[in-house]
Amino acid sequence: MASAVCAWRPRTGSGSGASSRSSVSEYVALRRFLFEELNVAASKKSGHALTMAVMRRTTPEGGLGLGVTTEEARRCPEEFYAVVFKNPERRAVVARGRDGVGVGGVNGDNADDAEDGGERSTFTCDQEAVREFMSAPAARFHRAAHTYVVAGDAFDAGDFRVRICRVETNSGAYVGTILDVTYNATSDAATARRALEEYAAYATAAANARAESDDQRGDFVWVDLRSSCPADVYRAKAGDLQRAISYVDALRELRR
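Note that the working numbering has the sequence shown beginning at 1227, numbered continuously upward.
Right, dumping it as structure tokens:
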């Protein structure tokens, strides 16, 4: 199986911060439209939830204090996302610079390439590695700048597993709607790309066909995983790691 997470971008009022001006009624309408149009087999609904905390460095690099080595500081970048999937609980870490570029290495493997200005990405969903990352000495200088809650409904639609979710801040402010689609017919993300793209386009068309006004029209925007995660992760069987990366990419799209 392979998966993709798409952010809903309204066509009216588009631009920086447009999603922040939307209300939760956007999600309510999209959930109704998509559930009626996509759940063609009348599959039973189930819940889906996760949290994403944006952890940012509160002390400038170089001023981390005694007891923290350069290597330890490098392993805890300026900004990273702590993703917690619910039911059952699983954790992942996705590191990103403020410009969206990854930092570090896959479980520390590509640190040398990072020094040369190459693609730099730190991703892990191994529970022991997550624990080690979060408890590293340099991580104590990071604080949760924002925490986002993702919650919604999931159902099966043929070869696809569909999740329609709202994204809110920890205080309950609506951020946007995302569509999480898993394609069960293959274990290769590259092979599944066309099917996922077509399904996102189908979901967009279904939502817009049911829209009652121009304000309800928009597009599900998918950031291709190939542009934001290491090749070995992209080619691997879809799981918590790929999905955590997809959710971070979708959140960044919603916040544009």
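Where a beta carbon is used, it is the ideal one built from N, C-alpha and C, also for glycine.
4-residue-minimum alpha helix (DSSP H) runs that sit fully inside the region 1397–1464, ordered along the chain: Listed in chain order, they are 1415–1436 and 1457–1461.
Hey, could you find the ends of the beta strand (DSSP E) arginine 1235 is sitting in? Note, arginine 1235: beta strand (DSSP E), 1228–1236.
Mapping the DSSP letters down to three states, classify serine 1249 as helix, strand or coil. DSSP places serine 1249 in coil when its eight states are reduced to three.
Contacting residues, own chain, Cβ-Cβ under 7 Å from valine 1266 (five flanking each side not counted): Ala1383
Where DSSP assigns a beta bridge to serine 1272, which residues make up the other side? Ala1380
Arginine 1316: which of Arg1357, Gly1398 and Arg1452 sits nearest, CA to CA? Arg1357
Are the region 1394–1406 and the region 1372–1380 touching, with three or more C-beta to C-beta distances below 8 Å? Put simply, the region 1394–1406 touches the region 1372–1380. At least three CB pairs are less than 8 Å apart.
Exposure of serine 1454, with buried meaning 16 or more beta-carbon neighbours within 10 Å: buried
Pick helix, strand or coil for alanine 1267, following the three-state DSSP scheme. Reduced to three states, the DSSP call for alanine 1267 is coil.
For chain C, is any of its Cβ atoms less than 9 Å away from the one on aspartate 1475? Annotation note: the requested chain C is absent from the structure, which comprises a single protein chain.
Could you have a look at valine 1319 and say whether DSSP puts it in helix, strand or coil? strand
Residue span of the beta strand (DSSP E) that contains phenylalanine 1311, given as start and end: 1305–1311
Between glutamate 1262 and arginine 1436, is the Cβ-Cβ spacing less than 9 Å? yes
DSSP three-state call for alanine 1470: helix, strand or coil? Here alanine 1470 carries a helix assignment [DSSP, helix/strand/coil].
Give the straight-line distance between the Cα atoms of valine 1329 and alanine 1321, rounded to the nearest whole angstrom. Only weak support is given to the placement of valine 1329: the predicted model assigns it a pLDDT of 42, under 50, and the question is left unresolved by the model.
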